[in-house]
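Residue numbers (the numbering used here): 540 to 948.
C-beta atoms are modelled at their ideal positions from N, C-alpha and C, and glycine is treated no differently.
Predicted, not measured: the structure shown is a model, and the values here were computed from it.
Take a look at the structure set out below.
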Amino acid sequence: MIERVSSELTINRLATAIQPSATLAVSGRAGELRAAGKSVLNLAAGQPDFRPPAPVAEAVAKLVGSSPIHYAPVPGLPELRDAAASELSEYHGHPFAREQVMVSCGAKHSLANLFLVTLDPGDEVVVISPYWVSYPDMIRLGGGVPKVVSATAEDGWRVKPEALAAVLGPKTRYVIINSPSNPTGAGYSAADLSALYDVIEAEAPQAWLVCDDIYRKLVYDGFEHASAFRALAGRSEQIILIDGVSKSHAMTGYRIGFLAAPKHVIAAASRVQGQMTSGASTPAQHAAIAALSDPRCDGAVAAMRDAFARRRALILSGLAEIPGVRVSSPEGAFYVFADVNAFIGEGSSIADDVALATHLLENKLVATVPGSAFGAPGFIRISYATSDEQITEGLSRIREALADLRPAV
Ligand SMILES: Cc1ncc(COP(=O)(O)O)c(C=O)c1O
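Here it is, written out as structure tokens:
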């Protein structure tokens, strides 16, 4: 008789070090409350509430209705790589060939591929806090070490060159610039990028910029997103681009993102992607071709941006009327990052931003995300990717919740 040996299935060191996404944790709890019949207002969303432009759905319907759906080439359909390369070339004033662009399952996957194929153990990647929740863990998955440097609300959430200089060194491989930023909405001008590059050139000339431009089309009030290639023209081309259609075209669920990098990096990323996912879904790639190539999409993207601009004004004016809440005016994306320090800590029944976000959710059924998730305790991220009515109602519930706490200072 064969004796069966039992042993517990263990989780390895790498996976144990990875945190669950805090933003997903809040939406999970909000979902539970909703399932229990509560009317939760979602001001935690990281995605547009709109439908994608019509040509996107038409492209999927046409393909699915007329042909078998086969694997696409691992680095993406040639038409999509060409469409992305041509859009990026025009925007950045820098030529990109098809071989310098790879399509993946969302910009998140593009970043993960980049770190997986280029980081060696101990390589440092500078992350500016408040940061998008996934950066540090993705860097760790690639074997790298996140080096966090803080930006402050007083500086419009843009990192100061002196602060950046302090975390640069011989091991720095990348500096991630996410403009406009999730969670603050802060955007860097061409002059800001040039000033940051001054210290990179001095302290870590080997480092490359990783520009996560996923929100670049969502900018307001005359702010112009700055292309790093244009801002650093004649000084450096050590720039990697992360781009996509998820936020600009309301296509988060399609899972399409782009990595633009030197050919040998794309070739290596393609080898890894080939063994892991075989690439992005074919219908979604056809949808993205329509998003980038059908001229009807431009108007739809502009209309979404106009709606976000209106909602941003609504939320900023509403928050300005809540005593004790402080908020700076974001240049882009669809978030505001509100300072709630007046309501937490010593003398308050609410210990910190996590407890405050929990209080807002459990007692007033408003979902927000605590700043701690982004490396910035004392703040909450409020998303305005929802209807004007939901924003107005959310603001009034937040006002009531905060009024119940200690009087604001
Ligand atoms: C800053 C930032 N980069 C990348 C992504 C990922 O985008 P995608 O949905 O295309 O994977 C997000 C999504 O929330 C984001 O906020």
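Element boundaries [alpha helix (DSSP H), containing residue i]
i    : result
K846 : It should be noted that the sequence gives Ala, not Lys, for residue 846. That run of the alpha helix (DSSP H) goes 835–859.
R938 : 927–943
S628 : 617–631
G604 : 593–605
I678 : 673–680
P822 : 821–832
A799 : Unbroken run through A799 is the beta strand (DSSP E), 796–799; no alpha helix (DSSP H).
V656 : 646–657
V613 : Looking at the DSSP string, V613 is not in any alpha helix (DSSP H), and its letter there is neither H nor E.
E663 : Where E663 is concerned, there is no enclosing alpha helix (DSSP H), although the beta strand (DSSP E) it sits in stretches over 663–668.
V738 : 729–742
V706 : 700–706
Residue i CB to nearest heavy atom of ligand 1 below 7 Å
i    : result
D588 : no
A583 : no
D659 : no
T791 : yes
S785 : yes
I930 : no
G682 : no
L717 : First, the residue type needs correcting, since residue 717 is Asn and not Leu in the sequence shown. Checking the Cβ of N717 against ligand 1 gives yes.
G796 : yes
G645 : yes
W671 : yes
I753 : yes
N652 : no
N721 : yes
Neighbour-count burial assignment, residue i, 16 or more Cβ in a 10 Å radius
i    : result
E870 : buried
I778 : buried
D845 : exposed
L548 : exposed
A556 : exposed
H609 : exposed
H803 : exposed
S578 : exposed
V948 : Only weak support exists for where V948 lies, its pLDDT of 49 falling under 50; the value from the coordinates is given anyway. Classification for V948: exposed.
I919 : buried
A942 : exposed
V603 : exposed
N902 : exposed
N721 : buried
P909 : buried
I550 : exposed
P594 : buried
S856 : exposed
C-beta contact flag for residue i and residue j at 8 Å
i    : j    : result
G796 : G645 : yes
L658 : G695 : no
A949 : V599 : Because the chain here runs from 540 to 948, residue 949 falls outside it and cannot be looked at.
F882 : L944 : yes
A950 : P592 : In the structure as shown, the chain starts at 540 and stops at 948, and residue 950 therefore has no counterpart that could be examined.
L582 : G933 : yes
P685 : V642 : no
A743 : L707 : yes
S922 : G585 : yes
A705 : V698 : no
A826 : Y793 : yes
F635 : A767 : no
Boundaries (first-last residue) of the beta strand (DSSP E) holding residue i
i    : result
N717 : 711–717
M815 : Note, M815: premise wrong, no beta strand (DSSP E); alpha helix (DSSP H) at 802–815.
P685 : 684–689
I608 : I608 -> no beta strand (DSSP E), and no H or E assigned at all.
R920 : 918–922
I779 : 778–783
D751 : 747–751
A877 : 874–878
Chain D contact for residue i (CB, 8 Å cutoff)
i    : result
D927 : Chain labels in this structure do not include chain D; a single protein chain is all it has.
Flag this pair as touching only if the region 656–672 and the region 711–724 have three or more C-beta atom pairs under 8 Å; answer yes or no. Yes: the two stretches touch, three or more of their Cβ pairs being nearer than 8 Å.
With three or more C-beta pairs closer than 8 Å as the rule, is the region 937–944 touching the region 875–888? Contact holds between the region 875–888 and the region 937–944, because three or more Cβ pairs, one in each stretch, are under 8 Å apart.
Whether or not the region 828–848 and the region 615–622 are in contact is what I'm after, with contact meaning three or more pairs of Cβ atoms, one per stretch, closer than 8 Å; do they touch? yes
Quick test of the definition: if touching needs 3 or more C-beta pairs under 8 Å, does the region 750–770 touch the region 595–612? no
Decide if the region 887–896 is in contact with the region 727–743; the criterion is three or more beta carbon pairs, one per stretch, under 8 Å apart. no
Cβ contact check for the region 804–812 and the region 647–654: 3 or more pairs under 8 Å: Inter-segment contact for the region 804–812 and the region 647–654 is present: three or more beta-carbon pairs are separated by less than 8 Å.
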